[in-house]
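Which chain is which? The protein sequence lines are Y and A, in order.
Each residue of the first sequence is one higher than the one before, counting from 14 in my numbering.
Each residue of the second sequence is one higher than the one before, counting from 14 in my numbering.
2 protein chains.
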Amino acid sequence: MAQTLHNFHFEDLLNKHHLKKTAPRLRVLSMMSSRNTATSQPDLESVMNDIDRVTLYRILSAFEEKGIIHKVFDLNGTANYALCTSNCDEGHHHDEHLHFNCTQCKNVYCLNDLQLPAINLPVGFVPQAFTLYATGLCPKCSKKAVKQ
Amino acid sequence: MAQTLHNFHFEDLLNKHHLKKTAPRLRVLSMMSSRNTATSQPDLESVMNDIDRVTLYRILSAFEEKGIIHKVFDLNGTANYALCTSNCDEGHHHDEHLHFNCTQCKNVYCLNDLQLPAINLPVGFVPQAFTLYATGLCPKCSKKAVKQ
DNA sequence: ACGTTAATTGTAATATTGTTGCGTTTACAT
DNA sequence: ATGTAAACGCAACAATATTACAATTAACGT
Ligand SMILES: [Mn+2]
Ligand SMILES: [Mn+2]
Ligand SMILES: [Zn+2]
Ligand SMILES: [Zn+2]
């Protein structure tokens, strides 16, 4: 998100979901909103190395359950987390956008604006949610590739 | 695959890729071809508990590299493996089909016949491959749901 | 302000998944 | 039959995730 988000936004967000405003939670929200790509669990852990690992896992699963963030696995099966932009409710996510995983920088981009085309499944399959994944080069890495 | 595949098919397959025909490899191929869903790493490990874990990992990554199988992460980030049906080459996969993950039985189905619609990405993103994921109820589980 | 309490965090222990190094075995080409 | 590279088994380790429980603290009513 290029937009600067302020702490009281996060505090409101936590309030709304009946979650206590704690330092670790605010820091996680702040870190994730300061990036334009999803944040991997290893990243989160190394940046917030003063916060206990278990606490981080609990914060992440609480946020995910409340519909504040959503989880995406990248090419290597690593968990990445990004703020939900759509109005995701407790237990019901609506993050049916494209996830672009750059093979160079490994970043995962949420392309929220890209709406999925209609899919019709074989008989018997009852879909609940779709996600489209793409791999390739992100704008930064494709630019670099041209220069060389 | 409902079709019964015979051992000599697997032996030919291994030959083609310059892989030695060993008992563990043949058993992995046999197990995977006997199922109509992808096989999870935990499943593989518990069924083949007499084969060393490391050997299984090495077989899986060799097969994946050769384009014999492809890897899919399910909802929980667990690795699942399925035989490639498209002509996948060494290092180049073409498994751009839909992966359906049943929320009930947790099985991952490769819906090979379902071709992906065209997607146009924002400027700068250079795609290499796409995968479409869906979650929901598979035919078996949706049938059970109706009965209750 | 202050005390109460449920929610949250920290700590330790454990489980699961995946990797690396190395010695032994074996498939297969000659 | 024999030599050899490939594959396997074993041990040790690394990374990721979960559980149980004790200590702390944010939020609430007074
Ligand atoms: Mn996303
Ligand atoms: Mn598949
Ligand atoms: Zn990139
Ligand atoms: Zn099912």
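By construction, the Cβ of each residue, glycine as well, lies at the ideal position given by its N, Cα and C atoms.
Just the C-alpha distance for residue i and residue j, rounded to the nearest angstrom, thanks.
| i | j | result |
| --- | --- | --- |
| residue 125 of chain Y | residue 61 of chain Y | 27 Å |
| residue 24 of chain Y | residue 106 of chain Y | 21 Å |
| residue 154 of chain A | residue 21 of chain Y | 45 Å |
| residue 146 of chain A | residue 90 of chain A | 13 Å |
| residue 67 of chain Y | residue 31 of chain Y | 21 Å |
| residue 110 of chain A | residue 35 of chain Y | 43 Å |
| residue 133 of chain A | residue 129 of chain Y | 11 Å |
| residue 140 of chain Y | residue 44 of chain Y | 33 Å |
| residue 83 of chain A | residue 77 of chain Y | 28 Å |
| residue 40 of chain Y | residue 121 of chain Y | 20 Å |
| residue 14 of chain A | residue 46 of chain A | Summary for residue 14 of chain A: the model assigns pLDDT 46, below 50, so the residue's position carries little reliability; its value from the coordinates is reported in the next sentence. When rounded, the distance between both Cα atoms is 6 Å. |
| residue 119 of chain Y | residue 63 of chain A | 36 Å |
| residue 144 of chain Y | residue 123 of chain A | 15 Å |
| residue 65 of chain Y | residue 33 of chain Y | 17 Å |
| residue 86 of chain A | residue 86 of chain Y | 7 Å |
| residue 137 of chain Y | residue 158 of chain A | 11 Å |
| residue 160 of chain Y | residue 102 of chain A | 29 Å |
| residue 156 of chain A | residue 156 of chain Y | 50 Å |
| residue 88 of chain A | residue 142 of chain Y | 11 Å |
| residue 5 of chain A | residue 38 of chain Y | No answer is possible for residue 5 of chain A: it lies beyond the span of chain A, which begins at 14 and ends at 161. |
| residue 42 of chain A | residue 42 of chain Y | 45 Å |
| residue 100 of chain Y | residue 135 of chain A | 23 Å |
| residue 29 of chain Y | residue 75 of chain Y | 13 Å |
| residue 79 of chain A | residue 71 of chain A | 12 Å |
| residue 16 of chain Y | residue 108 of chain Y | Summary for residue 16 of chain Y: the model assigns pLDDT 49, below 50, so the residue's position carries little reliability; its value from the coordinates is reported in the next sentence. Each residue's Cα considered, the two are about 20 Å apart. |
| residue 131 of chain A | residue 104 of chain A | 24 Å |
Between residue i and residue j, which are expected to be in contact by the criterion C-beta below 8 Å, what is the C-beta distance as a whole number of angstroms?
| i | j | result |
| --- | --- | --- |
| residue 58 of chain Y | residue 73 of chain Y | Between residue 73 of chain Y and residue 58 of chain Y the Cβ distance is about 10 Å, and since that is not below 8 Å, they are no contact. |
| residue 81 of chain Y | residue 26 of chain Y | 7 Å |
Q. Should the stretch 46–57 of chain Y be called in touch with the stretch 89–96 of chain Y, which here means at least 3 C-beta pairs below 8 Å?
A. Touching, yes, given that three or more Cβ pairs across the two stretches are closer than 8 Å.
Q. According to a CB-to-CB cut-off of less than 9 Å, which residues of the stretch 134–156 of chain A neighbour chain Y?
A. Cβ contacts with chain Y: 134, 135, 136, 137, 138, 139, 140, 141, 142, 143, 144, 145, 146, 147, 148, 149, 150, 151, 152, 153, 154, 155 and 156.
Q.
Please give the ranges of any alpha helix (DSSP H) in the stretch 57–88 of chain A, keeping only runs that are unbroken, at least 4 residues long and fully inside the region.
A. With a minimum length of 4 residues, the continuous alpha helix (DSSP H) runs that stay inside the stretch 57–88 of chain A are 66–79.
**Q.** Where the stretch 86–111 of chain Y meets chain A: residues whose CB sits under 8 Å from a CB there
**A.** Residues 86, 90, 92 and 111.
Q. Taking any Cβ of chain A, which residues in the stretch 119–134 of chain Y have a Cβ under 9 Å from it, in chain order?
A. If the cut-off is 9 Å between Cβ atoms, the stretch 119–134 of chain Y has 122, 124, 126, 127, 129, 130, 131, 132, 133 and 134 near chain A.
**Q.** Inter-stretch contact (C-beta, 8 Å, three-pair minimum) for the stretch 113–123 of chain Y and the stretch 132–151 of chain Y
**A.** Counting C-beta pairs closer than 8 Å gives three or more between the stretch 113–123 of chain Y and the stretch 132–151 of chain Y, which meets the contact rule.
Q: Scan the stretch 24–59 of chain A and note each continuous alpha helix (DSSP H) run of 4 residues or more that stays entirely inside, going in chain order.
A: Taken in chain order, the complete alpha helix (DSSP H) segments of 4 or more residues contained in the stretch 24–59 of chain A are 36–46.
Q | 3 or more residues per run - each beta strand (DSSP E) lying fully within the stretch 88–143 of chain Y | A | Listed in chain order, the complete beta strand (DSSP E) runs (minimum 3 residues) inside the stretch 88–143 of chain Y are 92–96, 111–115 and 121–124.
Q) Which residues, in order along the stretch 46–57 of chain A, keep a beta-carbon less than 7 Å from a beta-carbon of chain Y? A) Answer set for the stretch 46–57 of chain A: empty.
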